[in-house]
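Undergrad: The sequence shown runs contiguously to residue 454 in the UniProt record's numbering.
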Amino acid sequence: MHKIMSLQRKNSVLKHHGLQLFALTAMLVFTASSTVVNGQEMLSREEAMGLTLNHNYDIKVAEKSLEVADNNQSILNTGFLPTVFANGNAGISGYQGQNQTVNGDINYDPTDAYNYSASVGVDYVLFNGYGRMYNYKQLKELYNISELQARQIIENTLLELSNSYFLTAQLTESVSILKNALSISTTRMLRAQYSFEYGQTTQIDLLNAQVDVNNDSINLLNTIQDLENSRRNLNLIMGREIEMEFAVDTTINFAMPGTKEDLIDQAYNRNVLIQQTNSQLRNSEFALKASQAGWFPALSLNAGYNYSGNQNPAGAFVTGSYNLGPQAGLSLAWNVFDGGSTRIKSQNARLEIKRQQILKEETEFSVKRDVLNAYGSYQNSLFVYYAEKANLETATKNFERSDDLYKQGQINSIEFRQAQLNLLNAQNNQSIAKYNAKYEELKLKQLAGILLED
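#1: Excluding the 5 residues flanking Phe85 on each side, which residues of the same chain have their C-beta closer than 6 Å to its C-beta?
#2: Report yes if the C-beta distance between Gln266 and Tyr435 is below 7 Å; otherwise report no.
#3: Let me make sure I understand the geometry here. Which of Leu301, Trp334, Leu273 and Glu393 has the alpha-carbon closest to that of Phe365?
#4: Relative to the alpha-carbon of Phe286, which residue among Tyr134, Asp216, Glu41 and Arg369 has its alpha-carbon at the smallest distance?
#5: Using CA coordinates, which residue listed in Asn271, Gly304 and Lys345 is at the minimum distance from Ala290?
#6: State the DSSP-derived secondary structure class of Asp338, mapped to helix, strand or coil.
#7: Report the residue from Asn180, Asn72, Pro297 and Gly329 whose alpha carbon sits nearest the alpha carbon of Phe337.
#8: With a threshold of 7 Å between beta carbons, is Asn135 in contact with chain B?
#9: According to DSSP, which residues form a beta bridge with Leu332?
#10: Please report the distance separating the alpha-carbon of Glu141 from that of Lys443.
#11: Would you say Leu66 and Ala150 are within 7 Å of each other, going by their C-beta atoms?
#12: Relative to the C-alpha of Leu190, which candidate in Gln410, Thr157, Lys179 and Asp205 has its C-alpha closest?
#13: Leaving out five residues on either side along the sequence, give the residues of the same chain with a beta carbon under 8 Å from the beta carbon of Thr83.
#14: Nearest-angstrom Cα distance between Thr35 and Glu241?
#15: Who are the near neighbours of Ala349 in its chain, counting only those whose CB is closer than 6 Å to its CB and skipping five residues on each side?
#16: Are the Cβ atoms of Ile252 and Lys438 separated by less than 7 Å?
#17: For Tyr143 and Ala69, which I take to be in contact (beta-carbon distance under 8 Å), what is that distance rounded to the nearest angstrom?
#18: Can you tell me whether Lys137 is buried or exposed, with buried defined as 16 or more other CB within 10 angstroms of its CB?
#19: Starting from Leu444, follow the alpha helix (DSSP H) in both directions and report where the run begins and ends.
#20: Is the segment 413-422 close to the segment 385-403, with three or more CB pairs under 8 Å?
#21: Just list the residues that DSSP pairs Phe286 with in beta bridges.
#22: Is it buried or exposed for Val102, if we count other Cβ within 10 angstroms and need 16 for buried?
#23: Got a sec? Which residues, its chain only, sit under 7 Å from Ser174 by beta carbon, not counting five neighbours each side?
#24: Can you give me the start and stop residues for the beta strand (DSSP E) that Ser119 sits inside?
#25: Please list the terminal residues of the continuous beta strand (DSSP E) segment that includes Ala247.
#26: Tell me which residues share the same chain as Asn11 and place their Cβ nearer than 7 Å to its Cβ, disregarding the 5 neighbours each side in the sequence.
#27: Roughly how many angstroms lie between the CA atoms of residue 459 and Tyr307, to the nearest whole one?
#28: Just how far apart, CA to CA, sit Leu236 and Thr186?
#29: If you drop the 5 nearest sequence neighbours on each side, which residues of the same chain put their C-beta closer than 8 Å to that of Glu245?
#30: Whose CA, out of Asn271, Gln347, Leu392 and Leu207, lies closest to the CA of Gln152?
#31: In the structure shown, what three-state DSSP assignment does Glu41 receive?
#32: List the residues that DSSP assigns as beta-bridge partners of Gln327.
#33: Specify the secondary structure class of Phe196 as computed by DSSP and reduced to three states.
#34: Is the separation between the beta-carbon of Ile264 and that of Lys368 shorter than 7 Å?
#35: Can you tell me where the beta strand (DSSP E) with Thr83 in it begins and where it stops?
#36: What residue from Gly131, Ile414, Glu155 and Leu178 has the CA that sits closest to Leu447's CA?
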C-alpha cells in the first residue's frame, strides 16, 4: 500500500512539472509568433536598398563631401574670370597758414588742403603658361575622384545592407525551424508523460523529453534575441527608427554574373578601385603640366577709370586741380630664373606619375586576383547550397520515417531525437548556405563594378 501511494505521488509531481513545461512552451511559441509575424510590414531587399540610399548616414556624409568637391571645380575657383576692383580715398592735410602781427598781437590764420581720388578697374590674366588651364583640369579630376570615393562608400554600404538583410532572413527562418522543433519536442514530451503514467515507458524517457524541450526553448529564445538585434542593426543601416518592426523576404534567386573572363574585363573597366587609380594618374599628369607653367611668361590685361583731385589753401599759387579718365594697358612678367623651384616641382610631378603607374598596375593585379577568388568562392558556395539542399531532403525523409517508427514503438526516444537533430541541422545548414551563396554573388558583382546595376 505504501509503494502504491508513493508511485501515485511521483506520478502527480511529474504530471505537474509536465504541465508547467507545456505552459512555458505554449508561451514561447506565442511570443515567437507575435514577435516575428504579427503586425509587421514586409520589407523587400530592393525597398531596403532604396531606404539606405536616401537615409544612410555614411552616404549622406559622402554626398556632402561630393558637394564640396563640386564647389571646388566651379569656374569661380579657377582664375579664368577677371577681377574687378574699386578704390577710393580722401584726405586733409595738417595746418598750413601764415603768422600776422596786428597792433603788436600775433594772429595765426589756419588754412586746410584737401586731396581725394577714386578708381574702378579690371585685371585679367591672358596667359600664364597654361597653368590655369591644367589647374582647372585638376579640379575636375579631383571631383571625379570624390565621385568615385562616394560610389565606393555606396557600394560598401549596400553590400553591408545585403549582408545584414540576409542575416535577418536567415534568423527568421531559424526561428521558424526552431518553433517547429519545439512543437515536435513538446508533443514528444506529452506522449512520454502519458506513456509513463500508463506504465508503457520509463521515467528516463520522460526526463529526456523534458530536457530536450528545455534546450529547444532556450535555443528559440536566443535566436529570437539575435533576430531582434539583427533587425535593429538593419534599421540603423537604413537610417530609420531603430525599434521599427518589419519582416524580410526569405526568397532568394541566383543570377550568374558571367564567365571569369567577362568578369575580369568588366572589372578592368568598371571596378571603382581601378577607376580611382586611373583618375589619380590623370590628375598627376595634369599636375606635371601645371608645374611647368613657371617656365613661361605671364601676360595680363588691365583697364580702369580714375578720378583724382586736390584743393590747396587760399593764397596758394594753384588753388586746386583734378584729373579723370580711362586707362588700359598690358603687362608682361617673366620670371627668368626662380632659383630652380619650377624644375624641382616638375621632377617631383614626373616621379608622382611613375608612382601612380605602379599603383595602377598593382591595383589591376589585385582586383584580378580578388575576382578570381570571389568567382571560386561563389561556385563553391553554390555547390555547398545544392549539397545542403539534397541533405535536407534526405534528413526530412529520415525524420518522417523515424517519426512513424517512434509512434509504432520500434525505435526509442534517443534515436528519434537524433533524427530530429539531423533534420534541424540540415534545415539550418541549408538556410545558411543559401544566403552565403547570394552574398558571395553580390561581392563578385561589386568587384566586377556592376553591383549598382543589380
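Even for Gly, the Cβ is constructed at its ideal location relative to N, Cα and C. Quantities reported herein were computed from a predicted structural model and do not represent experimental measurements.
TA: Well, looking at it:
#1: For the purposes of this step, residue 85 is taken as residue 85 along the sequence shown, with counting starting at 1. Gly121.
#2: The residue labelled residue 266 in the question sits at position 266 within the sequence shown. The residue labelled residue 435 in the question sits at position 435 within the sequence shown. No, these two residues do not count as a Cβ contact at 7 Å.
#3: Taking the sequence shown and counting its residues from 1, the one referred to as residue 365 is at position 365. Ranking the options by Cα distance to Phe365, first place goes to Leu273.
#4: Against the sequence shown, residue 286 aligns to sequence position 286. Residue Tyr134 is the option with its Cα nearest to Phe286.
#5: Sequence index remark: in the sequence shown, residue 290 carries index 290 (1-based). Of all alpha-carbon atoms in Asn271, Gly304 and Lys345, the one lying nearest the alpha-carbon of Ala290 is that of Lys345.
#6: On the sequence shown, position 338 is the one that residue 338 refers to. Secondary structure at Asp338: coil, using DSSP grouped into helix, strand and coil.
#7: Here residue 337 is taken as the residue at index 337 of the sequence shown, counted from 1. The residue with the shortest Cα to Cα distance from Phe337 is Pro297.
#8: No chain B is part of this structure, which consists of one protein chain only.
#9: Here residue 332 refers to the residue found at position 332 when the sequence shown is read from its first residue. Leu332 is bridged to Leu299.
#10: Numbered from 1 along the sequence shown, position 141 holds the residue referred to as residue 141. Numbered from 1 along the sequence shown, position 443 holds the residue referred to as residue 443. Roughly 28 Å separates the two Cα atoms.
#11: Against the sequence shown, residue 66 aligns to sequence position 66. Against the sequence shown, residue 150 aligns to sequence position 150. A contact, by the Cβ cut-off of 7 Å.
#12: The count along the sequence shown starts at 1 and reaches residue 190 at position 190. Answer by Cα proximity: Asp205.
#13: The residue labelled residue 83 in the question sits at position 83 within the sequence shown. So the qualifying residues of the chain are Val122, Asp123 and Tyr124.
#14: Translated into positions along the sequence shown, residue 35 becomes position 35. Translated into positions along the sequence shown, residue 241 becomes position 241. Its pLDDT being 49, under 50, Thr35 is placed unreliably by the model, and nothing is read from it.
#15: Along the sequence shown, one-based indexing puts residue 349 at 349. The answer, listed in chain order, is Ala287, Leu288 and Ser291.
#16: Locating residue 252 in the sequence shown gives position 252, counting from the first residue. Locating residue 438 in the sequence shown gives position 438, counting from the first residue. Yes, Cβ-Cβ distance for Ile252 and Lys438 is below 7 Å.
#17: Here residue 143 refers to the residue found at position 143 when the sequence shown is read from its first residue. Here residue 69 refers to the residue found at position 69 when the sequence shown is read from its first residue. Tyr143 to Ala69, Cβ: 4 Å. Contact.
#18: Here residue 137 is taken as the residue at index 137 of the sequence shown, counted from 1. Lys137 comes out buried.
#19: Along the sequence shown, one-based indexing puts residue 444 at 444. Note, Leu444: alpha helix (DSSP H), Ser413 to Ala448.
#20: The segment 413-422 vs the segment 385-403: in contact.
#21: Position 286 of the sequence shown, counted from the start, is the residue given in the question as residue 286. Under DSSP, Phe286 shares a beta bridge with no residue.
#22: Locating residue 102 in the sequence shown gives position 102, where the first residue counts as 1. Unreliable placement is indicated for Val102, whose pLDDT of 49 sits below 50; no coordinate value is reported for it.
#23: Working through the sequence shown from its first residue, we reach residue 174 at position 174. Cβ within range, chain order: Thr223, Asn428 and Ser431.
#24: Reading the sequence shown from its first residue, position 119 is the one you call residue 119. It spans Tyr114 to Phe127 - the beta strand (DSSP E) in which Ser119 sits, taken as one unbroken run.
#25: Sequence index remark: in the sequence shown, residue 247 carries index 247 (1-based). Boundaries of the beta strand (DSSP E) around Ala247: Phe246 to Val248.
#26: The sequence position of residue 11 within the sequence shown is 11, counting from 1. Below a pLDDT of 50, predicted positions are generally treated as unreliable, and Asn11, at 45, falls in that range; no measurement from the model is reported.
#27: Nothing can be reported for residue 459: it is not among the residues displayed for the chain, which extend from 1 to 454.
#28: Taking the sequence shown and counting its residues from 1, one reaches residue 236 at position 236. Taking the sequence shown and counting its residues from 1, one reaches residue 186 at position 186. Note on geometry: alpha-carbon atoms of Leu236 and Thr186 lie some 37 Å from one another.
#29: Locating residue 245 in the sequence shown gives position 245, counting from the first residue. Closer than 8 Å at the Cβ level, and outside the excluded window around Glu245, lie Gly39, Gln40, Glu41 and Arg231.
#30: Looking up residue 152 in the sequence shown gives position 152. Taking only the C-alpha atoms, the option nearest Gln152 is Asn271.
#31: For the purposes of this step, residue 41 is identified with residue 41 of the sequence shown, where counting begins at 1. In the three-state reduction of the DSSP assignment, Glu41 falls in the strand class.
#32: The sequence position of residue 327 within the sequence shown is 327, counting from 1. Bridge partners of Gln327: Gly304.
#33: Taking the sequence shown and counting its residues from 1, one reaches residue 196 at position 196. Of the three classes helix, strand and coil, the one that applies to Phe196 here is helix, per DSSP.
#34: In the sequence shown, the residue the question calls residue 264 occupies position 264. In the sequence shown, the residue the question calls residue 368 occupies position 368. Taking the C-beta atoms as reference points, Lys368 is found nearer than 7 Å to Ile264.
#35: Taking the first residue of the sequence shown as 1, we reach residue 83 at position 83. DSSP places Thr83 in the uninterrupted beta strand (DSSP E) bounded by Thr83 to Ile92.
#36: Position 447 of the sequence shown, counting from 1, holds the residue named residue 447. If we check each option's Cα against that of Leu447, Glu155 comes out closest.
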